[in-house]
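So the structure is just underneath, and the comments pick up after that.
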Amino acid sequence: DWTPDAFVETTVDELKAQIGDDKVILGLSGGVDSSVAAMLLHKAIGKHLHCIFVNNGLLRKNEFENVLDQYEHMGLNVKGVDASARFLDALKGESDPEKKRKIIGGVFIDVFDDEAHKVENAKWLAQGTIYPDRIESVSASGGPSAVIKSHHNVGGLPDYMKLKIVEPLKMLFKDEVRRVGASMGMSEAILGRHPFPGPGLGIRILGDITAEKVAILQEVDAIFIEGLKKWGLYDKVWQAGAMLLPVDSVGVMGDERTYEKCVALRAVESTDGMTADWVNLPYEFLQKTSNDIINKVKGVNRVVYDISSKPPATIEWE
Ligand code: XMP
Numbered sequence: 193d194w195t196p197d198a199f200v201e202t203t204v205d206e207l208k209a210q211i212g213d214d215k216v217i218l219g220l221s222g223g224v225d226s227s228v229a230a231m232l233l234h235k236a237i238g239k240h241l242h243c244i245f246v247n248n249g250l251l252r253k254n255e256f257e258n259v260l261d262q263y264e265h266m267g268l269n270v271k272g273v274d275a276s277a278r279f280l281d282a283l284k285g286e287s288d289p290e291k292k293r294k295i296i297g298g299v300f301i302d303v304f305d306d307e308a309h310k311v312e313n314a315k316w317l318a319q320g321t322i323y324p325d326r327i328e329s330v331s332a333s334g335g336p337s338a339v340i341k342s343h344h345n346v347g348g349l350p351d352y353m354k355l356k357i358v359e360p361l362k363m364l365f366k367d368e369v370r371r372v373g374a375s376m377g378m379s380e381a382i383l384g385r386h387p388f389p390g391p392g393l394g395i396r397i398l399g400d401i402t403a404e405k406v407a408i409l410q411e412v413d414a415i416f417i418e419g420l421k422k423w424g425l426y427d428k429v430w431q432a433g434a435m436l437l438p439v440d441s442v443g444v445m446g447d448e449r450t451y452e453k454c455v456a457l458r459a460v461e462s463t464d465g466m467t468a469d470w471v472n473l474p475y476e477f478l479q480k481t482s483n484d485i486i487n488k489v490k491g492v493n494r495v496v497y498d499i500s501s502k503p504p505a506t507i508e509w510e
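Here you go:
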C-alpha cells in the first residue's frame with residue numbers, strides 16, 4: 193500500500209544514491225509541487241540543493257518576501273532574485289497575451305540561466321513535475337517546466353537545460369503531493385495554496401502592463417484573497433483572483449464625474465483546471481469585498497463578479 197511516509201523514506205534514499213555529492217539546481221515557484229520537490233531533495237542532500245526563486249514583478253502582494261521567508265524557515269538553501277525591473281522593462285507596451293507570455297517566459301529563462309551559472313559544478317536540474325503534467329496539455333503549474341515548454345518554440349536550449357533532470361514527484365498526483373508534503377511537516381500555508389499561473393498578474397492585467405497597474409491589481413487581489421480566508425471560503429475554492437480590465441468606467445465623487453478602472457473577480461471550482469465552474473460566493477461576502485476594494489484601492493470605482501464556466505470561458509481572461 194502507498195503511504196506518504198514510505199514514499200518519503202524510499203525517495204530520499206533513492207535521491208541520495210542517484211545524486212551522491214553532486215550539486216542540484218531547482219527553481220521554486222511558490223507553488224505546492226516545486227516546494228515539495230525541494231523539501232524531498234533537501235532531506236536527501238541538504239545544502240547541495242541550490243534553490244532559486246525569481247521575483248518577476250507579477251507575483252501577488254508581498255508574495256516574494258513571504259514565500260522566501262517560509263522557504264528559509266524550512267531550512268532550504270534558497271536564493272531570492274528580484275528581477276521585477278527586467279521583466280517590466282521587457283513587457284513595456286506589449287498587450288498581446290501570447291506575446292506577453294513569451295516575453296515573461298524568455299526573461300525567466302535568461303534570469304534563471306544567469307543564476308544557474310553562479311552555482312559552480314552543478315550537475316542536476318530538479319523539477320516539480322507531477323504525473324498529470326506529463327499527460328495533459330494544460331498545466332496549472334507555474335514552474336520552470338511550463339516555461340521551458342513554450343520556450344522550445346523560440347530558440348535554443350539554455351545551458352541549465354543541459355543538466356541531468358531529476359523529478360522526484362513524477363509518479364504522483366496532486367493530492368499525493370500534498371500528503372507527502374504534510375508527512376514532511378510542511379505548513380498548510382504552502383500545501384493548501386491555490387494554483388497560480390507562471391506569468392502571474394501579467395495575464396490578469398488585460399492589455400499592456402505597467403508598474404502602476406501591477407500595484408493596483410496587487411491591492412485588489414490581496415483584499416479578495418484575504419477576504420476568502422477570513423470568511424472560511426479559501427479552501428472551498430480551487431482558484432481565485434482578480435482581473436484588471438482595460439476600460440475606464442464612469443463614477444461619481446461629490447459633484448464630479450470620474451473615469452476609473454474596473455476589476456473582475458473570479459473564483460472557480462475545479463479538479464484539474466481543464467473544466468471549471470464559477471463559485472456561488474455569498475452575496476454578503478461579495479458586497480463587503482466590493483466595498484473594501486472601492487474604498488481602499490485608489491483608481492478603482494467598479495467591481496464585477498465573473499459568472500462564466502469553462503468551457504467555453506477559460507479561467508484566466510487572457
Ligand atoms: P485557463 O485560463 O486556460 O487556465 O482556463 C487553466 C489553468 O492554467 C493556468 N494557466 C497558466 N499557467 N502558465 C501557467 O503556468 C500560463 O501561461 C497559464 N495560463 C493559464 C490557470 O491559472 C489555470 O490554473
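Using UniProt numbering, the letters of the sequence shown map in sequence onto residues 193 to 510. Glycine included, each C-beta is placed from N, C-alpha and C at the ideal position. Because the structure is a prediction, the values reported are computed rather than measured.
Closest by CA to residue i, which one among the options?
i, options, result
"Val439", "Glu290, Glu461, Val492", "Val492"
"Ile499", "Glu510, Glu461, Glu476", "Glu461"
"His240", "Gly298, Tyr323, Gly212", "Gly212"
"Leu283", "Arg458, Ile395, Tyr475", "Ile395"
"Val496", "Glu380, Gly272, Glu510, Tyr475", "Tyr475"
The ligand XMP heavy atoms versus the CB of residue i: any closer than 7 Å?
i, result
"Pro438", "no"
"Gly387", "Note that residue 387 is Pro in the sequence shown, not Gly. Yes; taking the cut-off as 7 Å, the Cβ of Pro387 has a heavy atom of the ligand XMP nearer than that."
"Arg458", "no"
"Arg293", "yes"
"Lys502", "yes"
"Gly465", "yes"
"Pro350", "no"
"Gly390", "yes"
"Gln319", "no"
"Gln479", "no"
"Ile301", "no"
Tell me which residues share the same chain as residue i and place their Cβ nearer than 6 Å to its Cβ, disregarding the 5 neighbours each side in the sequence.
i, result
"Lys502", "Thr467, Ala468"
"Ser276", "Asn247, Gly249"
"Ile357", "Leu317"
"Asp274", "Asn247"
"Tyr426", "Leu420"
Would you kindly check if the distance between the Cβ of residue j and the Cβ of residue i is under 8 Å?
i, j, result
"Leu420", "Val429", "yes"
"Cys243", "Leu220", "yes"
"residue 513", "Phe365", "One cannot answer for residue 513 here, as it falls past the ends of the chain, which runs 193 to 510."
"Leu251", "Gly392", "yes"
"Phe304", "Gly272", "no"
"Val270", "Leu361", "no"
"Gln262", "Ala381", "yes"
"Ala434", "Leu409", "yes"
Please list, in chain order, all residues of the same chain as residue i whose beta carbon is under 8 Å from its beta carbon, the five residues on each side excluded.
i, result
"Ile415", "Thr481, Asp484, Ile485, Lys488, Val489"
"Glu452", "Asp440, Ser441, Gly443, Gly491, Val492, Asn493, Arg494"
"Met231", "Met266, Leu268, Gly373, Met376, Met378"
"Asp447", "none"
Three-state secondary structure (DSSP) at residue i?
i, result
"Met266", "coil"
"Gln431", "strand"
"Ala436", "Here the sequence assigns Leu to residue 436, which means Ala is not the residue at that position. Strand at Leu436."
"residue 530", "Absent from the model: residue 530. The displayed extent of the chain is 193 to 510, so no value can be given."
"Leu425", "coil"
"Ala456", "strand"
"Ala275", "coil"
"Ile322", "coil"
"Lys284", "coil"
Given residue i, which residues of its chain have a CB within under 7 Å of its CB, disregarding the five upstream and five downstream residues?
i, result
"Asn472", "none"
"Val311", "Lys215, Ile217, His242"
"Asn313", "Lys215"
"Arg385", "Gly223, Val224"
Mind checking whether the beta-carbon of residue i lies closer than 7 Å to any heavy atom of the ligand NAP?
i, result
"Glu508", "No copy of the ligand NAP appears in this structure; the ligands present are the ligand XMP."
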